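Chains A and H, in that order, are what the protein sequence lines are.
Count the first sequence with numbering that gives the first Met the number 0 and you get residues 0 to 119, in order.
Count the second sequence with numbering that gives the first Met the number 0 and you get residues 0 to 834, in order.
All C-beta atoms in this analysis are idealised placements derived from N, C-alpha and C, irrespective of residue type, glycine included.
It should be emphasised that the depicted structure is a prediction, and the values quoted were computed from it without experimental measurement.
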Amino acid sequence: MTAILVCLLSMLALQVLTPFWWWIMVVPFAYGAAAARSGGKALLTGLAAAGILWLGASLVLFLTGSGLIASRMAAMLKLGDARLLVPATGLVAALAAGLAGYSGYAVRRLFKAPAKKERS
Amino acid sequence: MRWVRAIVSLVLAAAAFWALDNRHGTFPALGRLLDPFTGFWQNGDRSDDLPETLTVPGLREEVRVVWDDRRVPHIFAGNDHDLTLAQGYVAATLRLWQMDFQSLYAAGRISEVIGPAGARQDLFQRRFGLPWAAERSLRAFREDPSTKEALDAFTAGVNARIRDIGRKGLPVEYKILGYRPEPWTDLKCALLLKSMAYVLASYNQDAAMTVMREALGEGTVDGLFPFAPPLVDPVIPPGEPLDFDPVPVPAREGAAGRGDGPSGSSEARAAEARTDPGAAPDPEAFGSPDSRTRPGAGSNNWAVSGRLTANGSPILCNDMHLELSLPAVWYEVQLAAPGVNVRGVAFPAAPLVIAGYNEDIAWGFTNGTDDVLDWYAITFRDDSRAEYLYGGEWRKTFVREERIKVRGGETVVDRVVHTHHGPIVRWPEEPPFPSMSVPPGAALRWLAHDPSNEFRALHALNRAKGYADYVEALGNWDCPAQNIVYADRTGTIALWHAGKFPLRWKGQGRFVLDGADPADDWRGWVPRGHVPHVKDPERGFVSSANQMPAGAGYPYYLGWDYAAFERGARINEVLAGARGVTPEDMVRMQADVVDVRARAVQPRLIEILQGVAATEAERRCFEELRAWNLEARAALIAPTVFRELWNELNRLTWDDKKTGLMEGMPRPASQVMVDQILNHADGRFFDLKDTGENIETLRDVAGQAFWSAVANLEKRLGPFGDGWRWGKVKGTQLRHLARVPGFGREKVAADGAGQVINAIDAVWAPSWRMVVELGDEIRAWGNYPGGQSGNPGSRGYEDRIDDWAAGKTYELVFLRSADEAHPRIVGRTVMRGAK
Numbered sequence: 000m001t002a003i004l005v006c007l008l009s010m011l012a013l014q015v016l017t018p019f020w021w022w023i024m025v026v027p028f029a030y031g032a033a034a035a036r037s038g039g040k041a042l043l044t045g046l047a048a049a050g051i052l053w054l055g056a057s058l059v060l061f062l063t064g065s066g067l068i069a070s071r072m073a074a075m076l077k078l079g080d081a082r083l084l085v086p087a088t089g090l091v092a093a094l095a096a097g098l099a100g101y102s103g104y105a106v107r108r109l110f111k112a113p114a115k116k117e118r119s
Numbered sequence: 000m001r002w003v004r005a006i007v008s009l010v011l012a013a014a015a016f017w018a019l020d021n022r023h024g025t026f027p028a029l030g031r032l033l034d035p036f037t038g039f040w041q042n043g044d045r046s047d048d049l050p051e052t053l054t055v056p057g058l059r060e061e062v063r064v065v066w067d068d069r070r071v072p073h074i075f076a077g078n079d080h081d082l083t084l085a086q087g088y089v090a091a092t093l094r095l096w097q098m099d100f101q102s103l104y105a106a107g108r109i110s111e112v113i114g115p116a117g118a119r120q121d122l123f124q125r126r127f128g129l130p131w132a133a134e135r136s137l138r139a140f141r142e143d144p145s146t147k148e149a150l151d152a153f154t155a156g157v158n159a160r161i162r163d164i165g166r167k168g169l170p171v172e173y174k175i176l177g178y179r180p181e182p183w184t185d186l187k188c189a190l191l192l193k194s195m196a197y198v199l200a201s202y203n204q205d206a207a208m209t210v211m212r213e214a215l216g217e218g219t220v221d222g223l224f225p226f227a228p229p230l231v232d233p234v235i236p237p238g239e240p241l242d243f244d245p246v247p248v249p250a251r252e253g254a255a256g257r258g259d260g261p262s263g264s265s266e267a268r269a270a271e272a273r274t275d276p277g278a279a280p281d282p283e284a285f286g287s288p289d290s291r292t293r294p295g296a297g298s299n300n301w302a303v304s305g306r307l308t309a310n311g312s313p314i315l316c317n318d319m320h321l322e323l324s325l326p327a328v329w330y331e332v333q334l335a336a337p338g339v340n341v342r343g344v345a346f347p348a349a350p351l352v353i354a355g356y357n358e359d360i361a362w363g364f365t366n367g368t369d370d371v372l373d374w375y376a377i378t379f380r381d382d383s384r385a386e387y388l389y390g391g392e393w394r395k396t397f398v399r400e401e402r403i404k405v406r407g408g409e410t411v412v413d414r415v416v417h418t419h420h421g422p423i424v425r426w427p428e429e430p431p432f433p434s435m436s437v438p439p440g441a442a443l444r445w446l447a448h449d450p451s452n453e454f455r456a457l458h459a460l461n462r463a464k465g466y467a468d469y470v471e472a473l474g475n476w477d478c479p480a481q482n483i484v485y486a487d488r489t490g491t492i493a494l495w496h497a498g499k500f501p502l503r504w505k506g507q508g509r510f511v512l513d514g515a516d517p518a519d520d521w522r523g524w525v526p527r528g529h530v531p532h533v534k535d536p537e538r539g540f541v542s543s544a545n546q547m548p549a550g551a552g553y554p555y556y557l558g559w560d561y562a563a564f565e566r567g568a569r570i571n572e573v574l575a576g577a578r579g580v581t582p583e584d585m586v587r588m589q590a591d592v593v594d595v596r597a598r599a600v601q602p603r604l605i606e607i608l609q610g611v612a613a614t615e616a617e618r619r620c621f622e623e624l625r626a627w628n629l630e631a632r633a634a635l636i637a638p639t640v641f642r643e644l645w646n647e648l649n650r651l652t653w654d655d656k657k658t659g660l661m662e663g664m665p666r667p668a669s670q671v672m673v674d675q676i677l678n679h680a681d682g683r684f685f686d687l688k689d690t691g692e693n694i695e696t697l698r699d700v701a702g703q704a705f706w707s708a709v710a711n712l713e714k715r716l717g718p719f720g721d722g723w724r725w726g727k728v729k730g731t732q733l734r735h736l737a738r739v740p741g742f743g744r745e746k747v748a749a750d751g752a753g754q755v756i757n758a759i760d761a762v763w764a765p766s767w768r769m770v771v772e773l774g775d776e777i778r779a780w781g782n783y784p785g786g787q788s789g790n791p792g793s794r795g796y797e798d799r800i801d802d803w804a805a806g807k808t809y810e811l812v813f814l815r816s817a818d819e820a821h822p823r824i825v826g827r828t829v830m831r832g833a834k
């Protein structure tokens, strides 16, 4: 839980301060590479943090003046319903971040064997 | 195993990153686009609002922008420089992507943004010489201090905005297409001007006319496309005395087959001169598939003298018809500084108000559609195309190298060959361009290539205090030629057909000219004071609707391909009977939908079609036509039937084999057809070539046209019923400038048609309607299709469309000062220069 929160807040800060979308991949990768205790945890942490962040942020914007642009984007992307763009935004972030988190962990594994005792 | 897992997961993560960070064909980079912090989610409603205070580098004094309840900026500055700089900043705030895209399009650079799909269009722009023309005009702008200052300030304002927006505030189209705005330049303003010249002053049928002359003889062509068409009421009222002594006009001389062209239309002469199309030239060599598509760039303007109005103040009206798009063509703005207070509409990509009014005068435009574009057949010495024949000698060509950078593709390098006439646009070995029928191997002589400074004219119009200022301002208006209507608070009304016109013999340039013969060159110009004009005419009003500018008494030939008679005739008949006119009457008149073409021929056609209907659908269509009130209303079916019947009547009359190559070639104007129906029902044009000995007349052709019209409609629209209503069939739409799906507006149900005053057709329609009453207090009304904001995520993007479609206009807020308390003011922005 703490890991998710830390990842989420780091992404939020970095996204607000810089114009780059890819912090949602870099942060989970870093977490996976530096601190995650298992591949599953790395994956889930990235997935949850980025998913919640993008889903939540797009939901807030959807409800506060971005509904019209969402409906135009939905028409452009042939999505049908503009509301689908909120979960779609969350899903894209979640998948990209989960994958990044897992690969971060996998890279660390190359240099450090999984310590079973650490996990217990 | 660890290695495998690491490599596979890394590859997958990298692939995901790459997929989300890049465009795929035309599919946008999803990661960037969906990012709620910088992607499209940030382009919500009011995301392009300005804060209450703002630092704009370059300002010398404080500038105050007052926003009214329709998002119109009223800009108050302490000097001209700041005024224009602030206009640039505000224009870029509202419409940055649009102005940027328009300038790239004009420059032949859209493939830098949209990739290989744009390369052919870019090549056309380069070959046609738009960037070349803009560069030449820019040099002329820089020679005039006031224009130079205005353009430099405007550019500084746009660039200040570009620096301010950052990634988050970038217009959403940049995010979708995946690029960033480059710095604005003065050249881009010049490109916009040349782009308008292209839209309004490049339409020509020279190639098709030449093919037709070869096939039918010049006499027939003159009969079908008469210089003095029937039914047309010229812009300048016939009988207005000339206030100048005409200069001599070059005579037609030289090559065999020349001689004075016939004047006026005479069917007898046409028939006599018609030769059988024996050895017909190949129309493919000239005509591109759309050579008959005439742009609907028509417009209306008129001014009514105080003698005819209810309260004695003159009223000026203008609606300019352009191809509709979103973001809207225009935005509304008020510009005020010491010496100027002007209100109206502007192009986002250019400084100044284009059409509008100030505290003393009002002005507005309709397109002149004169012939200022000719093609010259060129004889090259050899395949190197380094020399061409002119006046019995070999002259050298020069080459302008054009580099078209293509996103995701190789740069196209094109060597555009120029003669002294102008560039060669299309070579014989090349396929036709879709945008224009270009005679292969011919050189283009186009007035817009010549340096000119229309900004100077606009600058003066914005500041004009009376008639003399207006006339002086028009001295700098070269291209596109316009009917510029005028009215002022002293009661003067006027209309000048302003522009620069080559002195021509009658018909010069209707056909492809001889590029080797110096006699075919343009030789001199119509003096400025000699262009058609009228001031305070007897009849109490001036008007124009793109028709022929002047009648038989006018001494110069300016062109032949003017708008058909309908709108002009309707405007003049309404105003001729007008007394006690109010602005409300004028607003209603701009929405007038009486179809005078239908009115002219409907009784005759009904009489002929009596008893022709056999099927149920045919009977109902006949009944619709018979009972029609002759108005082009969205809810009626009759306009649908009439347009189809008209098309079929024209097809059967003009396109059959008797006229050889007329298939795919332009058809005569509507007034010629109306004249045939009313006065030549048994004339030979109605005879169908493929029926052998039978001689058909209007009676036969009209019956056939009616049957095939109904059959066409049934095939296209299904059984007779709701789906046949004019509003649905017409399909008025506003497409997005880059054709992004979902960013335009489809299916606008609106009254009107191209040939009525309220000229709302499918994509061409009134792009700005304005009514100005010039009393002690200036009052004005206006509306345009679209909205002030260029942001598709804003409610201000298309919030005016429904009112516009319904013919509603808004009273325009016109402030005397930034401090004026006005109930419709909703916000203020103060701009200050950087410390």
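Check, Outcome
"Assign W96/H to one of three DSSP states: helix, strand, or coil.", "helix"
"So if I threshold CB-CB distances at 9 Å, which residues from the region 714-743 of chain H count as touching chain A?", "V739, P740, G741 and F742"
"Beta-carbon separation of Q732/H and V770/H under 9 Å?", "no"
"Hey, K404/H and E111/H: beta-carbon distance below 9 Å or not?", "yes"
"How would you label M0/H, buried or exposed, when you count the other beta carbons within 10 angstroms and need 16 or more for buried?", "exposed"
"K729/H: buried (16+ other C-beta within 10 angstroms of its C-beta) or exposed?", "buried"
"Where do the N-terminal and C-terminal ends of the beta strand (DSSP E) with T52/H fall, by residue?", "T52 to T54"
"Going along chain H, which residues have a C-beta under 7 Å from A99/A?", "A12"
"Using three-state DSSP, classify I353/H as helix, strand or coil.", "coil"
"Can you give the Cα-Cα distance for N452/H and E142/H, rounded to whole angstroms?", "10 Å"
"If F742/H and P791/H are in contact, beta carbons under 8 Å, what's the gap, nearest whole angstrom?", "5 Å"
"If you measure from the beta carbon of L67/A to each beta carbon in chain H, is any gap under 9 Å?", "yes"
"Return the chain-ordered list of same chain residues with a C-beta closer than 8 Å to the C-beta of D67/H, the five sequence neighbours on each side being excluded.", "H73, V812, H821, R823, I824 and V825"
"Anything in chain A within Cβ reach of I35/H, meaning under 7 Å, just list it in chain order.", "A small correction: the amino acid at residue 35/H is Pro; Ile does not occupy that position in the sequence shown. Here the neighbours are W53, A56, S57, L60 and T88."
"Report yes if the CB atom of D750/H is closer than 9 Å to the CB atom of A631/H, and no otherwise.", "yes"
"Is it buried or exposed for T808/H, if we count other Cβ within 10 angstroms and need 16 for buried?", "buried"
"Whose Cβ in chain A lies nearer than 8 Å to the Cβ of L29/H?", "V91"
"On a CA-only basis, which of L186/H, A196/H and W653/H is nearest V220/H? Give me that one, please.", "W653/H"
"From the beta carbon of L19/H, is the nearest beta carbon of chain A less than 9 Å away?", "yes"
"Quick one: list the residues of chain A neighbouring K167/H, beta-carbon separation under 8 Å, in chain order.", "P18"
"Taking A327/H as the reference, give the member of W767/H, L814/H and E810/H with the closest Cα.", "W767/H"
"At a CB-CB cut-off below 7 Å, which residues of chain A make contact with N299/H?", "Residues of chain A passing the Cβ test: none, with the nearest at roughly 33 Å."
"Could you have a look at Q754/H and say whether DSSP puts it in helix, strand or coil?", "coil"
"Any C-beta of chain A sitting closer than 9 Å to the C-beta of P791/H?", "yes"
"What residue range is occupied by the uninterrupted alpha helix (DSSP H) comprising Q675/H?", "S669 to N678"
"Taking the beta carbon of Q609/H as the centre, do at least 16 other beta carbons fall within 10 Å, making it buried, or is it exposed?", "exposed"
"Going by CA-CA distance only, name the one from V332/H, P347/H and V198/H that's closest to N853/H.", "Any answer about residue 853/H is impossible in this case: the structure gives chain H only from 0 up to 834."
"To the nearest angstrom, how far is it from the Cα of H23/H to the Cα of W20/A?", "18 Å"
"Which residue comes first and which comes last in the alpha helix (DSSP H) that contains R587/H?", "P582 to Q589"
"Taking CB distances under 9 Å as the criterion, tell me whether V26/A reaches chain H.", "no"
"Examine chain H for any beta-carbon lying closer than 9 Å to the beta-carbon of L94/A, and answer yes or no.", "yes"
"How would you label D802/H, buried or exposed, when you count the other beta carbons within 10 angstroms and need 16 or more for buried?", "exposed"
"Please report the straight-line C-alpha distance between F454/H and N21/H, rounded to a whole angstrom.", "41 Å"
"Does the Cβ of L109/A have 16 or more other Cβ atoms within 10 Å, making it buried, or fewer, making it exposed?", "exposed"
"Which first and last residues belong to the alpha helix (DSSP H) in which S102/A is found?", "L84 to F110"
"Looking at the structure shown, is E134/H part of a helix, part of a strand, or coil, going by DSSP?", "helix"
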